[in-house]
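For the sequence shown, the numbering used here begins at 143 and goes up steadily by one. Using N, Cα and C, we set each Cβ at its ideal position, and we do this for glycine too.
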Amino acid sequence: MENRTELEKLGEFGLIEKLSIGVKKYHDSTVKGIGDDAAVIDCGDKYMLISTDTLVENIHFNLMYSPLMHLGYKAVIVNLSDIYAMNGDVRQIVVSIAVSNRFSVEAIEEIYAGINKACELYQVDLVGGDTTTSLSGLVITITVVGEVAKDEIVYRSGGKDNELLVVTGNLGGAFMGLQVLEREKEMYKENPELQPVLEGVDYILERQLKPEARKDVVHYLKNLSVKPTSMIDISDGLASELLHLCKAGDLGCVIYDEKIPIDQETFNVAREFNLDPSTCALNGGEDYELLFSIKQTDYDKIKDSIHMKVIGHYVDKAAGCSIIARDNSSLPLTAQGWNHFSE
Ligand code: ADP
Ligand code: MG
Numbered sequence: 143m144e145n146r147t148e149l150e151k152l153g154e155f156g157l158i159e160k161l162s163i164g165v166k167k168y169h170d171s172t173v174k175g176i177g178d179d180a181a182v183i184d185c186g187d188k189y190m191l192i193s194t195d196t197l198v199e200n201i202h203f204n205l206m207y208s209p210l211m212h213l214g215y216k217a218v219i220v221n222l223s224d225i226y227a228m229n230g231d232v233r234q235i236v237v238s239i240a241v242s243n244r245f246s247v248e249a250i251e252e253i254y255a256g257i258n259k260a261c262e263l264y265q266v267d268l269v270g271g272d273t274t275t276s277l278s279g280l281v282i283t284i285t286v287v288g289e290v291a292k293d294e295i296v297y298r299s300g301g302k303d304n305e306l307l308v309v310t311g312n313l314g315g316a317f318m319g320l321q322v323l324e325r326e327k328e329m330y331k332e333n334p335e336l337q338p339v340l341e342g343v344d345y346i347l348e349r350q351l352k353p354e355a356r357k358d359v360v361h362y363l364k365n366l367s368v369k370p371t372s373m374i375d376i377s378d379g380l381a382s383e384l385l386h387l388c389k390a391g392d393l394g395c396v397i398y399d400e401k402i403p404i405d406q407e408t409f410n411v412a413r414e415f416n417l418d419p420s421t422c423a424l425n426g427g428e429d430y431e432l433l434f435s436i437k438q439t440d441y442d443k444i445k446d447s448i449h450m451k452v453i454g455h456y457v458d459k460a461a462g463c464s465i466i467a468r469d470n471s472s473l474p475l476t477a478q479g480w481n482h483f484s485e
């Protein structure tokens with residue numbers, strides 16, 4: 143009988159790990175393949191960085207509430223974020239779209255207006271792509287090329303015991319924005335006459351629909367002469383990304399619940415939904431903030447920054463990964479993340 147393993151059983155990361163076993167390397171110029179935020183290619187005096195991300199209709203966005211221009215913008219941002227997570231800078235993108243005849247030329251132009259806007263703001267050149275038909279939903283795949291000086295590159299794996307774990311911006315906002323949009327969608331389905339209630343949620347809606355990538359932080363740290371020792375971007379949720387960093391670095395970690403940065407609006411809306419704000423910040427995805435480690439000796443340089451916050455530190459691998467709750471109890475850190483195969 144033919145073997146059949148359900149995708150759900152492995153999960154996204156289990157599947158990637160399994161697939162990567164059969165992948166061989168034929169060129170010395172491939173410095174880092176699968177396993178970091180971007181692949182690293184030796185180009186002589188510099189490293190080239192390559193990463194790709196796909197947005198799929200009804201999995202990653204819903205056209206009932208995602209304006210097309212924002213969608214194009216976000217499709218670029220999620221890619222750029224992976225280059226910044228390598229401490230690099232972005233240079234070019236290629237854009238592939240699969241569309242059905244449901245879409246008009248004007249609709250696709252809207253998506254491109256958003257793509258062009260992101261390109262302008264982040265100074266990246268759109269240099270190609272592919273256009274094809276989709277029988278089901280809209281699919282946008284973008285591949286980004288970046289570069290970094292060889293001595294500036296930061297991998298997920300570079301952390302050391304005792305180094306500080308730092309997170310930029312605030313977390314959970316994009317997830318709460320999504321909850322609001324989903325609620326309004328359901329209410330609209332029941333009664334299309336109802337006007338959406340979107341007061342006091344501007345910030346979290348923007349976090350969900352039109353996120354930014356932390357180019358500013360990469361430059362800010364360079365100006366302070368602080369080089370992160372390990373780094374990842376937060377696309378799936380803080381807990382999941384922390385576990386990736388720890389696995390890559392063969393380390394454990396301790397983080398403190400009370401130190402996780404949460405915006406007031408995110409906090410209020412989480413409460414309104416009867417959700418624990420910390421859980422939303424730990425497991426909600428799509429914030430596109432950066433999570434990195436720094437040497438203890440660099441603490442003074444960043445301690446007063448409004449852009450970032452120390453949330454804990456690396457520990458020995460044997461100590462595992464844990465979070466200290468507000469009542470001082472220690473809980474094992476687990477990733478709920480997003481398993482795309484069980485949606
Ligand atoms: P990120 O969240 O930073 O975009 P992912 O979790 O999507 O990263 O991917 C983790 C690593 O696995 C990356 O190095 C990525 O290039 C690689 N990867 C993901 N999907 C595949 C695939 N289908 N084939 C080969 N490599 C993959
Ligand atoms: Mg990433």
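Task: CA nearest to the CA of Y297, picked from S372, K216 and E383 - done: S372
Task: Neighbourhood of K188 by C-beta distance below 8 Å, restricted to the same chain and skipping five residues each side - done: E289, V290, A291 and K292
TODO: With a 10 Å radius around its C-beta and 16 neighbouring C-beta atoms as the bar for buried, classify Y168 as buried or exposed.
DONE: exposed
Task: For review: beta carbons within less than 7 Å of any heavy atom in ligand 2 - done: D179, S223, D224, A227, I374, D375 and S377
Open item on the list: Does the distance between the C-beta of G177 and the nearest non-hydrogen atom of ligand 1 fall short of 7 Å?
Closed with: yes
Task: Touch test, the segment 315 to 326 against the segment 181 to 196, Cβ-Cβ under 8 Å, three pairs minimum - done: no
- [ ] Go through its chain and collect everything with a Cβ distance to N470's Cβ below 7 Å, but skip five positions before and after it.
- [x] none
Task: Rounded straight-line distance, which links the Cα of V287 to that of M190 - done: 7 Å
Task: Supposed contact pair G256 and N200 - C-beta distance, whole angstroms, cut 8 Å - done: Between G256 and N200 the Cβ distance is about 19 Å, and since that is not below 8 Å, they are no contact.
Open item on the list: Just to check my reading of the structure: V237 and I284 have Cβ atoms closer than 8 Å, yes? What is that Cβ distance to the nearest angstrom?
Closed with: 5 Å
Open item on the list: Taking only three categories from DSSP, how would you classify N371?
Closed with: Going by the sequence as given, residue 371 is Thr instead of Asn. T371: coil per DSSP, three-state reduction.
TODO: Specify the secondary structure class of H455 as computed by DSSP and reduced to three states.
DONE: strand
Open item on the list: Below 7 Å, is the gap between the Cβ of I158 and the nearest heavy atom of ligand 3?
Closed with: Looking for ligand 3 in the displayed structure turns up nothing; the ligands present are ligand 1 and ligand 2.
Task: Backbone secondary structure at G427 - three-state DSSP - done: coil
Open item on the list: Less than 8 Å between the beta carbons of L366 and I465, yes or no?
Closed with: no
Open item on the list: Cutting at 6 Å between CB atoms, please list the residues of its own chain near K259, excluding the five before and the five after it.
Closed with: Y215
TODO: Measuring alpha carbon to alpha carbon, tell me which of P474, I346 and Y362 ends up nearest E428.
DONE: I346
Task: L161: CB within 7 Å of a non-hydrogen atom of ligand 1 - done: yes
Open item on the list: Let me check you understand the geometry: is the CB of A217 closer than 7 Å to at least one non-hydrogen atom of ligand 1?
Closed with: no
TODO: On a CA-only basis, which of K401, F415, K331 and Q234 is nearest N221? Give me that one, please.
DONE: Q234
Task: D267 beta carbon less than 8 Å from that of M228 - done: no
Task: Inter-stretch contact (C-beta, 8 Å, three-pair minimum) for the segment 324 to 338 and the segment 351 to 367 - done: no
- [ ] List in chain order: all unbroken alpha helix (DSSP H) runs of 4+ residues lying wholly within the segment 201 to 226.
- [x] 210 to 226
Task: Whole-angstrom distance between F415 and M206, CA atom to CA atom - done: 21 Å
Task: Distance between beta carbons of T196 and I250, contact taken as under 8 Å - done: With a Cβ gap of about 17 Å, I250 and T196 do not count as contacting.
Task: For S464: DSSP bridge partner residues - done: V396 and P474
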